[in-house]
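In our numbering, each residue's number is its place in the sequence shown (first place is 1) plus 147.
Glycine residues also receive a C-beta, built at the ideal position from the N, C-alpha and C atoms.
Just so you know, these numbers come straight off a predicted model, no measurement behind them.
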Amino acid sequence: MVVPRIVPMAAVFLVSGCLTTVGPDYTPPKMDAGQDFIAPQPLADATRAQDIWWTAFEDPILVRLIETGLTNNLDIQLADSLVRESEATLVSTGAARSPTLDGSATTTTTSDRKLGASASNADRNMSPNTDTLVGGVFSWAADLFGGAKRAEEAARADAERQAWLRRDTMLAVVSDIARTYVALRGAEQRLVLTQESLDLQRRTVEIVTSRVNAGLAPGMDLSRAEASVQALEADLSPIETEIRQARDTLSTLVGRRPGGIDNIAPVDGPSAVPTIFATPVLGQPADMLRRRPDLRAAERDLQSATAGIGVAESALYPSLTIPAKFQVTIKGFGTSEIVRTLLASLGATLDIPIFDGGAARADLTIAEEQARQALITYRSTLLTALSEVESALHAHDGAQRRLTALNRAVAADARAYEQASTLYAQGLTSFLNILDAQRTMTTTRLRQVITRTDLATTSIDLFQAVGFAPMDTVAK
């Protein structure tokens, strides 16, 4: 009989397969991220939850926008779908290591009737026969050299990579919403300041007109004052366009059509630039390696590529498939006359690669190079991350120092303008002095708003750079 000979042979291969897994085992790459960051670090606030850092702006409108974006943003929804797909791929890949069993059942009824017999006699002499066939097919591909195990390892790493990429997408969306919102409020504040400067300049025109009509000032002063009004009026339109564009961008980020955020952020809402009341807890650069989603995704990609080497190498070795069939035939089912027939078979197929023109070796080389590329990509991602943190720290520090100086300058310019206005009304100074004081004050106040916007933006950049991503609050 064939079966007793096959079973020991298969057992030998199965035992050897349990002890052999080709390809390199994955080890996390060792990278020198340094002991500390170079740029000055702001004083961190560890009392606030770092993964919901946007709440530190203490702006309920911003919080609502981000919550809406986390639910409705299309990039996040796409990332959710990719995670579910990768998890299903992992299940499918793991199933390849398990045996398969398919069953079938067929029932056939036949009856004999003699030709020429009367209908009544034929009915009495008819003897229906019922045949029932039940069968099954079993198959198992033994993982002799661990190729299927490596494939499952790669699929698991891919699923984890997609999960980290989803978190990276969430961090990017939250950061973009916060940056765009800050830019919107900054533009609205600049519009308010420009309108205030325009109103102030119009009052100046009235004063100059009175002095010109009284013969106390030359007509050139009036021309200069009117030109200043027209210049400020021209500045309004670009700022208004910037505001509309920012609102449209926010609508897209939260998954709505243009104008879709009016119920969240009213057009006539607050125009002050939000101030963040927290800074990230940086720790050491090594801590960033564990936080940044893009770095974690790159590392999982490296693990998947490393497992791919084992998958490719296993194709160089023999593969064993064990098929089995069984079939049961039952005749006369439902009568006293039952005949049972059992047919079973068990075999083993050993495929040995002999010649393929070098394709398998080439596939192994491809897998090895893909692993090298993944390692290079990981190193590049790490260097980019370190650079982004340092740049954000420098920008944040520069914005803080610049804002401190501008706050003093705004106060000084306001005093200078008041003094120039008083002297001009008394005829003790020329109009050029008051015009210059007014322009300087307007410019400094606008720079102050821009710097406040920059400071808030660099804070957002810093939280994103060090990898404080929101937790997975959306359904997978």
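Discussion item. Would L400 and T327 qualify as a contact pair, given that the criterion is a beta-carbon distance under 8 Å?
Written reply: In the sequence shown, the residue the question calls residue 400 occupies position 253. In the sequence shown, the residue the question calls residue 327 occupies position 180. Yes, the Cβ-Cβ distance between L400 and T327 is below 8 Å.
So the candidates are A584, A559 and P246; which of them puts its Cα closest to the Cα of Y571? The sequence position of residue 571 within the sequence shown is 424, counting from 1. In terms of Cα proximity to Y571, the closest of A584, A559 and P246 is A584.
key: Span separating the alpha-carbon of R548 from that of L602   = Taking the sequence shown and counting its residues from 1, one reaches residue 548 at position 401. Taking the sequence shown and counting its residues from 1, one reaches residue 602 at position 455. Just so you know, the alpha carbons of R548 and L602 end up roughly 10 Å apart.
- [ ] Have a look at Q342 and L379 and give me their C-alpha separation to the nearest angstrom.
- [x] The count along the sequence shown starts at 1 and reaches residue 342 at position 195. The count along the sequence shown starts at 1 and reaches residue 379 at position 232. If you take the alpha carbons of Q342 and L379, they lie about 8 Å apart.
Could you spell out the range, first to last residue, of the beta strand (DSSP E) harbouring L497? Numbered from 1 along the sequence shown, position 350 holds the residue referred to as residue 497. First-last of the beta strand (DSSP E) with L497: T496 to D498.
| query | What is the DSSP secondary structure of D222, counted as helix, strand or coil? | reply | In the sequence shown, residue 222 corresponds to position 75, counting from 1. It is helical.
Exercise. My understanding is that L212 touches A412, with C-beta atoms under 8 Å, so please give their C-beta distance in whole angstroms.
Key: As a first step, residue 212 is located in the sequence shown; it is residue number 65 there, counting from the start. As a first step, residue 412 is located in the sequence shown; it is residue number 265 there, counting from the start. Beta-carbon to beta-carbon, L212 and A412 are separated by about 7 Å, close enough to satisfy the 8 Å threshold.
Could you tell me which residues DSSP pairs with Q474 in its beta bridges?
Counting from one through the sequence shown, the residue named residue 474 turns up at place 327. G282 and L490.
So what does DSSP say about A157, is it helix, strand or coil?
Walking along the sequence shown from the start, residue 157 turns up at place 10. Note on A157: pLDDT 48, under 50, position unreliable in the model; the coordinate value appears next. Correct three-state label for A157: helix.
Going by C-alpha distance, which of R403, D415, A459 and A444 is nearest L529? By 1-based counting over the sequence shown, the position of residue 529 is 382. Considering only alpha carbons, the answer is A444.
With a CB to CB cut of under 7 Å and the five nearest residues on each side skipped, what residues in its chain are close to A310? Taking the first residue of the sequence shown as 1, we reach residue 310 at position 163. Same-chain partners within the cutoff: V230.
I'd like the list of long-range same chain contacts for S228, defined as Cβ closer than 8 Å, with 5 residues on each side in sequence excluded. In the sequence shown, the residue the question calls residue 228 occupies position 81. Residues of the same chain with their beta carbon placed closer than 8 Å to that of S228 are lacking, with the five preceding and five following residues left out of the count.
CA-to-CA distance, A372 to Y564, given in whole angstroms
In the sequence shown, residue 564 corresponds to position 417, counting from 1. In the sequence shown, residue 372 corresponds to position 225, counting from 1. C-alpha separation (whole angstroms): 15 Å.
Notebook entry, point to check: So is S398 buried or exposed if we call it buried at 16+ other beta carbons inside 10 Å?
Noted result: Locating residue 398 in the sequence shown gives position 251, where the first residue counts as 1. Flag for S398 reads buried.
### Message
Which residue marks the beginning of the alpha helix (DSSP H) containing G457, and which one marks its end?
### Response
Translated into positions along the sequence shown, residue 457 becomes position 310. For G457, the enclosing alpha helix (DSSP H) has its first and last residue at P440 to S461.
- Query: Taking three-plus beta-carbon pairs below 8 Å as touching, is the segment 336–351 in contact with the segment 589–605?
  - Reply: The segment 336–351 vs the segment 589–605: in contact.
**Per-residue DSSP class, three states only, for T288** = As a first step, residue 288 must be located in the sequence shown, where it is residue number 141. In the sequence under discussion, the amino acid at residue 288 is Ala, which differs from the Thr named in the question. DSSP places A288 in strand when its eight states are reduced to three.
Exercise. Quick one: what does DSSP say G522 is sitting in, helix, strand or coil?
Worked result: In the sequence shown, residue 522 corresponds to position 375, counting from 1. Here residue 522 turns out to be Leu, not Gly, going by the sequence shown. Annotated three-state conformation of L522 is helix, per DSSP.
- When the Cα atoms are used, what is the spatial distance from V596 to G333? For the purposes of this step, residue 596 is taken as the residue at position 449 of the sequence shown. For the purposes of this step, residue 333 is taken as the residue at position 186 of the sequence shown. Going from the Cα of V596 to the Cα of G333 covers about 6 Å.
Quick one: what's A252 bridged to in DSSP?
Residue mapping note: residue 252 aligns to position 105 of the sequence shown, counting from 1. Beta-bridge pairing links A252 to V281.
**Message:** Assuming Q611 and L318 are in contact, meaning their beta carbons sit under 8 Å apart, how far apart are those beta carbons, in whole angstroms?
**Reply:** As a first step, residue 611 is located in the sequence shown; it is residue number 464 there, counting from the start. As a first step, residue 318 is located in the sequence shown; it is residue number 171 there, counting from the start. Confirmed, Cβ separation roughly 6 Å.
Where are the alpha helix (DSSP H) runs, 4 residues long or more, that stay fully inside the segment 343–396, in chain order? Whole alpha helix (DSSP H) segments, 4+ residues: zero.
Subject >> Which listed residue (I423, S384, T453 and T215) has its alpha carbon closest to that of A599 >> reply: Position 452 of the sequence shown, counted from the first residue, corresponds to residue 599. Checking the sequence, you will find Arg at residue 599 rather than Ala. Out of I423, S384, T453 and T215, I423 has the C-alpha closest to the C-alpha of R599.
*DSSP state of L429, grouped into three classes?*
By 1-based counting over the sequence shown, the position of residue 429 is 282. Reduced to three states, the DSSP call for L429 is coil.
CA-to-CA distance, P440 to L489, given in whole angstroms: Counting from one through the sequence shown, the residue named residue 489 turns up at place 342. Counting from one through the sequence shown, the residue named residue 440 turns up at place 293. For L489 and P440, the distance between alpha carbons rounds to 59 Å.
(Q) To the nearest angstrom, how far is the alpha carbon of E516 from that of Y464? (A) By 1-based counting over the sequence shown, the position of residue 516 is 369. By 1-based counting over the sequence shown, the position of residue 464 is 317. About 21 Å.
State the Cα-Cα distance for the pair Q377 and P421, rounded to the nearest angstrom.
-> Taking the sequence shown and counting its residues from 1, one reaches residue 377 at position 230. Taking the sequence shown and counting its residues from 1, one reaches residue 421 at position 274. When the Cα atoms are used, Q377 and P421 turn out to be separated by approximately 31 Å.
Q. Looking only at its own chain, which residues have a Cβ that is under 8 Å from the Cβ of N219, when we skip the five neighbours before and after it?
A. The sequence position of residue 219 within the sequence shown is 72, counting from 1. Within the same chain, and ignoring the five residues on either side of N219 in sequence, the residues whose Cβ sits closer than 8 Å to its Cβ are V401, G402 and R403.
- Pairing CB atoms from the segment 517–525 with CB atoms from the segment 448–458, are three or more of them under 8 Å? Taking 8 Å as the limit for Cβ pairs, the verdict is that the segment 448–458 does touch the segment 517–525.
Output the distance between the C-alpha atoms of I513 and E460, rounded to the nearest integer angstrom.
Counting from 1 along the sequence shown, the entry for residue 513 is found at position 366. Counting from 1 along the sequence shown, the entry for residue 460 is found at position 313. About 11 Å.
Open item on the list: Rounded to the nearest angstrom, what separates L436 and L442 at their Cα positions?
Closed with: Here residue 436 refers to the residue found at position 289 when the sequence shown is read from its first residue. Here residue 442 refers to the residue found at position 295 when the sequence shown is read from its first residue. When rounded, the distance between both Cα atoms is 6 Å.
Quick check on the burial criterion: 16 or more other C-beta atoms within 10 angstroms. Buried or exposed for D249? Residue numbering aside, residue 249 sits at position 102 when the sequence shown is read from its first letter. Burial call: exposed.
Checklist line | For T590, the three-state DSSP class (helix, strand or coil) | finding: Looking up residue 590 in the sequence shown gives position 443. The DSSP-derived three-state label of T590 is helix.
Count the other C-beta atoms from every protein chain shown that fall within 10 angstroms of the C-beta of E335, then say buried if there are 16 or more, exposed otherwise. In the sequence shown, counting from the first residue as 1, residue 335 sits at position 188. Flag for E335 reads buried.
Between E387 and L338, is the Cβ-Cβ spacing less than 8 Å? Position 240 of the sequence shown, counting from 1, holds the residue named residue 387. Position 191 of the sequence shown, counting from 1, holds the residue named residue 338. Pairing E387 with L338 gives a Cβ-Cβ distance under 8 Å.
| query | By how many angstroms is the C-alpha of F473 removed from the C-alpha of V281? | reply | The residue given as residue 281 occupies position 134 in the sequence shown. The residue given as residue 473 occupies position 326 in the sequence shown. Taking C-alpha positions only, V281 is separated from F473 by approximately 8 Å.
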